[in-house]
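Taken in order, these protein sequences are the chains called A and B.
The working numbering applies: residue 14 is where the first sequence begins, and numbers increase by one.
The working numbering applies: residue 14 is where the second sequence begins, and numbers increase by one.
Positions of the beta carbon are idealized from the N, C-alpha and C atoms, including for glycine.
Computed from a predicted structure; not experimentally measured.
Protein chains: 2
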Amino acid sequence: MIIQKSANPRISNFDLENFSFGNTFIDHMFICEYEDGKWGEPKIMPYGPIGFSPAMMGVNYGQACFEGMKAYKDENDDVFLFRPEKNFSRINKSTSRLAMPEIPKDIFMEGLKTLIDLDRDWIPKGEGMSLYIRPVIFATEEVLKARISNKYMFAIVATPAKSYYAEPVSVKISDHYSRAANGGVGFAKAAGNYAASFYPTKLANEEGFEQVIWTDDIAHEYFEESGTMNVFVRINDTIYTPKTSDKILDGVTRDSFIKLAEKRGIEVVIGDVRVKDVVEAFDNGTLKEVWGVGTAVVTSVFKSLGYQDRLLTLPVLSDEESFALSLKKDLTDIQTNKAEDPFGWRFKVERKILEKA
Amino acid sequence: MIIQKSANPRISNFDLENFSFGNTFIDHMFICEYEDGKWGEPKIMPYGPIGFSPAMMGVNYGQACFEGMKAYKDENDDVFLFRPEKNFSRINKSTSRLAMPEIPKDIFMEGLKTLIDLDRDWIPKGEGMSLYIRPVIFATEEVLKARISNKYMFAIVATPAKSYYAEPVSVKISDHYSRAANGGVGFAKAAGNYAASFYPTKLANEEGFEQVIWTDDIAHEYFEESGTMNVFVRINDTIYTPKTSDKILDGVTRDSFIKLAEKRGIEVVIGDVRVKDVVEAFDNGTLKEVWGVGTAVVTSVFKSLGYQDRLLTLPVLSDEESFALSLKKDLTDIQTNKAEDPFGWRFKVERKILEKA
Ligand SMILES: Cc1ncc(COP(=O)(O)O)c(C=O)c1O
Ligand SMILES: Cc1ncc(COP(=O)(O)O)c(C=O)c1O
Chain A
14 MIIQKSANPR ISNFDLENFS FGNTFIDHMF ICEYEDGKWG EPKIMPYGPI GFSPAMMGVN
74 YGQACFEGMK AYKDENDDVF LFRPEKNFSR INKSTSRLAM PEIPKDIFME GLKTLIDLDR
134 DWIPKGEGMS LYIRPVIFAT EEVLKARISN KYMFAIVATP AKSYYAEPVS VKISDHYSRA
194 ANGGVGFAKA AGNYAASFYP TKLANEEGFE QVIWTDDIAH EYFEESGTMN VFVRINDTIY
254 TPKTSDKILD GVTRDSFIKL AEKRGIEVVI GDVRVKDVVE AFDNGTLKEV WGVGTAVVTS
314 VFKSLGYQDR LLTLPVLSDE ESFALSLKKD LTDIQTNKAE DPFGWRFKVE RKILEKA
Chain B
14 MIIQKSANPR ISNFDLENFS FGNTFIDHMF ICEYEDGKWG EPKIMPYGPI GFSPAMMGVN
74 YGQACFEGMK AYKDENDDVF LFRPEKNFSR INKSTSRLAM PEIPKDIFME GLKTLIDLDR
134 DWIPKGEGMS LYIRPVIFAT EEVLKARISN KYMFAIVATP AKSYYAEPVS VKISDHYSRA
194 ANGGVGFAKA AGNYAASFYP TKLANEEGFE QVIWTDDIAH EYFEESGTMN VFVRINDTIY
254 TPKTSDKILD GVTRDSFIKL AEKRGIEVVI GDVRVKDVVE AFDNGTLKEV WGVGTAVVTS
314 VFKSLGYQDR LLTLPVLSDE ESFALSLKKD LTDIQTNKAE DPFGWRFKVE RKILEKA
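#1: Looking at the C-beta of B/Arg147, does it have a partner C-beta in chain A at a distance below 7 Å?
#2: Given this structure, state the Cα-to-Cα distance separating B/Leu318 from B/Glu302, to the nearest angstrom.
#3: Is the number of C-beta pairs between the stretch 108 to 122 of chain A and the stretch 47 to 55 of chain A that are closer than 8 Å three or more?
#4: Please classify A/Glu353 as buried or exposed, where buried requires at least 16 other C-beta atoms within 10 Å of its C-beta.
#5: What residue ranges within the stretch 212 to 286 of chain B form continuous alpha helix (DSSP H) runs of no fewer than 4 residues, ordered along the chain?
#6: Check each residue of the stretch 173 to 196 of chain B: if its Cβ is closer than 7 Å to any Cβ of chain A, include it; give the result in chain order.
#7: Residues of the stretch 301 to 313 of chain B in Cβ contact with chain A at a cutoff of 7 Å, in chain order, please.
#8: Closest by CA to A/Val292, which one among A/Glu48, A/Phe151, A/Lys276, A/Phe236?
#9: Distance, Cα to Cα, B/Pro22 vs A/Phe65?
#10: Where are the beta strand (DSSP E) runs, 3 residues long or more, that stay fully inside the stretch 318 to 359 of chain A, in chain order?
#11: Could you tell me the boundaries of the beta strand (DSSP E) in which B/Ile186 lies?
#12: Can you give me the C-alpha to C-alpha distance between A/Asp90 and A/Lys138, rounded to a whole angstrom?
#13: If I measure Cβ to Cβ from A/Phe27 and keep anything under 8 Å in the same chain, skipping five residues before and after, which residues do I get?
#14: So A/Pro67 is in the alpha helix (DSSP H); what residue range does that whole segment cover?
#15: Within the same chain, show all residues whose beta-carbon is closer than 6 Å to that of A/Val374, passing over the 5 residues directly before and after it, in chain order.
#16: Just to confirm, are A/Ile231 and B/Ile231 a CB contact at a threshold of 7 Å?
#17: In whole angstroms, what separates the C-alpha of A/Lys369 from that of A/Lys18?
#18: Determine, for A/Pro55, whether the minimum Cβ-Cβ distance to residues of chain B falls below 7 Å.
#19: Look at B/Ile104 and B/Glu80 and say whether their C-beta atoms are less than 7 Å apart.
#20: Counting only beta-carbon separations shorter than 7 Å, does A/Lys18 have a partner in chain B?
#21: Short of 6 Å in beta carbon distance, which residues of its chain neighbour B/Val198, apart from the five on each side in sequence? Order them along the chain.
#22: Is it true that the stretch 201 to 208 of chain B meets the stretch 331 to 344 of chain B, where meeting means three or more beta-carbon pairs spaced less than 8 Å apart?
#23: Going by the DSSP bridge assignment, what does A/His189 pair with across the sheet?
#24: What separation, rounded to the nearest whole angstrom, lies between the Cα atoms of B/Glu115 and B/Thr108?
#25: A/Ser176 to A/Trp304, Cα distance in whole Å?
#26: For chain A, check one thing: does any of its Cβ atoms lie closer than 7 Å to the Cβ of B/Thr37?
#27: By Cβ distance, which residues of its chain are closer than 7 Å to B/Lys272, with the 5 residues on each side in sequence left out?
#28: Report yes if the C-beta of A/Leu157 is less than 6 Å from at least one heavy atom of ligand 2; otherwise report no.
#29: Are there any heavy atoms of ligand 1 lying less than 6 Å away from the beta-carbon of B/Asn243, as far as the coordinates show?
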C-alpha cells in the first residue's frame, strides 16, 4: 500500500468539541482503482478532489454503492470498529447486484484499518461520539453507453460524528411512494436508492413528519424500512421486525438489536409487519414502541405515526421501560468498550503507523 | 455565457468514418453550477476532468439524472436537433422526482445550441450518423449525510454516433427482476435506474438474450419497457404500447412513433400490454412484430422472445411489411431533413459562433 501523508494536516485546527457532521473530513482518504479486470495498488493520500469528467459512468448510470460504519474511541484512546466484516460482506452483495467487481477482503480491511489508524486523532471521544466511515465504490469510466463500466474507484473517506436525531420523531407511513421493487435493488446500498427517497421524504417533512416508514409498493400493507433505517415495532412485550428480502437492507444494527433482545429474553418475531396490525394494536392500547435502527443514529425513537388522516401518538416510556433505549444502551456500551462483548463484535484498530513513518 | 475555447482541439485528428461511439468526446462541454439556491454563470470549456472527491453526493446518494438526444447533419451541412423541448421538459420531471433544482429553460437551450454550434464539425454525416448529446445533472456537495444536496452541476457532453443494434435481437421477458416500483422513480431518467438494470441484463445475456423486456414487479404480467427503450407490439395490424406511468419513461421516440403510426392510419392502442395476450397472439399466429424504440437506436427489431422455458420466434418481415422499419424510416427522414416535417419536430441549430470569436 502506498501511503502519501498530507503535507498540510488540518487536524490541529479541528475542534473536537464543536464541529459539523458530514462535511469535515479527516486528513486522509483511501483509494484503490479497478481497471482491465483487476485491482491496482491501494493508496492512502490526502483527502481532496480527483479529476472526473461529467461523462463519468458513476454519475450517469448510478453504478455506485457504499457502506456506513463507525469507529469508537474508549477511555484509554483505544479505537474500535464494530462488526466490520458485516460491512465488508454487504458491500459485495451491493456490488454484485449492481454488476460491479467484488472488492477483495484485504483491500477493504487493510484500507480501513490503516486509514483509521493513521487518522485516529480525528476520532472524537465521549458519549455518542464516533468517526463515521464511508467506503464507497463507483464507476469511473467515461463512456456514454448504458452498460457495465470497465473502471471503478473504491474509496474510504471519513468524518467525525456526534449522534443525531436524539429527539423522538414523528414519521409518516407511506401510502403512495415506495423505496424498492420486488426484483429490484432495495437490499443493496445502491446510491440511487437514496436519491429516490429524498422527494417523498421532503413531502413528508412538509406535512410535519421527520421520516417516512416505507411500505410495499403493491398495496402499502407491510412495513419495510423507516427512512434509512430498519424498523422495529413493540406490541405488548414482543418485538416485531420485517424479515430481510430483496427489498430490505440487512442492517448491522438490526441484526445486533435482534441478538441483544434475545439475550435479554425479549421475544423477537421476524416476519411480515402489517400496517393494519400496528394500527389495530395502537387502537387497543398494546402498541408500546416503534423505532428505527441504523449505524448513523443507532436508534431513532418515534413519538407518533402518521397513517392516512390519523396521527397515532405513542406512549412516552422511561429509558428503563423502553426496549428501544435499553437495547441502544446495550449496543453502544459494547461499541465503546464499556461492557463485555459476548458476541465478539468489537474489532480493535491496532497502532501500526509510526509517528514519522 | 463564458466561452473558453479549447487551445488544443482534437477535431483535426478525428476520423469521422471510423470512430468508437461513446468514448470519443467533442472538444467542448457545457457546464453550469447551482449553489445557494441559484444557478451560476453558464460556461463552455474544453472537455475534460473537473475535481470531485469521493464524498461527492452524486456518487454516494445517486442524485443524478440525464437526457439523451441527438443532432443530425443534412446534405447541406445544416444541423438539426429533434424535439429538444421534450428533453428539456423531461429532465425537469426527473430533477423534480429526485429533489434536484429545476434547470431553467434558457440555460438548457442556450447551452445546447451554443455547444452544438461550436462543435458542429464533430457531427458525422450520412445514413444513421449523428451526434449523441448527453445533458446530465448531479449533486456535487461533499457531505456524508443522506439528504438533498445543496450544490449541483448541470453539464452537456457529446459523442459522435453511428446507429447500433442494427441486427434483430433476441429478448427475454423478465419473470423475476424488475426495473421500477409503483411510487418509485422508473419514469425519471434517474442514474440509479440504469445501474439497477445491468445485472439482470447480464444474466439475460448469459442465457443468449441481448435485452430484457421489463415487466411489472408484482406478478410480471404486463410489459413495461425493453432494455432502455419503450416497447411496441403488433398483433395483426394493430400496434400496442404500454401507457406511461410512474414506472415507464415517457420516450420521445415512443411519442413520435405513435404520431407517425396514426398519420399512416395504423391503429395504435395505448394501454396494458399483457404478457399472456402476447404469447396467445404468438400461438394463434397473429403476433407480427415486437420492437423497442429510443433515441440511441431509433428501433431495435426483436427476432425472438424468451418467455419462461419457451422461445417465441417472430416472423421475418420485409422492410415494407414491417411497421417497425417503416416508422423508423418515417422518423429518421424527418430527423435528417430528408422529408417534410408536418409536426414541427426539427429544430435547426443556427450558425452563430464566428470562426474566431
Ligand atoms: C436503507 C437503509 N436501511 C437500513 C440501514 C441500517 O443499516 P446499518 O444498521 O447496517 O447501518 C441503512 C444504513 O444505515 C440504510 O441505508
Ligand atoms: C428507460 C428508458 N426507456 C425509454 C427510453 C427511450 O426514450 P427516448 O425515445 O426519449 O430516447 C430511454 C432513453 O433512451 C430510456 O432510458
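The relevant details are as follows:
#1: yes
#2: 11 Å
#3: At 8 Å Cβ cutoff, the stretches touch.
#4: Looking at its Cβ environment, which holds fewer than 16 other Cβ atoms inside 10 Å, A/Glu353 is exposed.
#5: 265 to 276
#6: His189, Tyr190, Ser191, Ala193, Ala194, Asn195, Gly196
#7: none
#8: A/Phe236
#9: 19 Å
#10: 323 to 326
#11: 182 to 186
#12: 8 Å
#13: Closer than 8 Å at the Cβ level, and outside the excluded window around A/Phe27, lie Thr37, Trp135, Pro173.
#14: First-last for A/Pro67: undefined, no H or E at that position.
#15: The requested residue 374 of chain A does not occur in the structure, where chain A is confined to residues 14 to 370.
#16: yes
#17: For A/Lys369, the predicted structure reports a pLDDT of 46, less than 50, and the residue's modelled location is therefore unreliable. The matter cannot be settled from this model.
#18: no
#19: yes
#20: no
#21: Arg110
#22: no
#23: Answer by DSSP bridge pairing: none, since A/His189 is not bridged.
#24: 6 Å
#25: Between A/Ser176 and A/Trp304, the alpha-carbon positions lie close to 16 Å from each other.
#26: Not one chain A Cβ lies under 7 Å of B/Thr37.
#27: Phe356
#28: With a threshold of 6 Å, the Cβ atom of A/Leu157 does not count as near ligand 2, since no heavy atom of the ligand is closer than that.
#29: no
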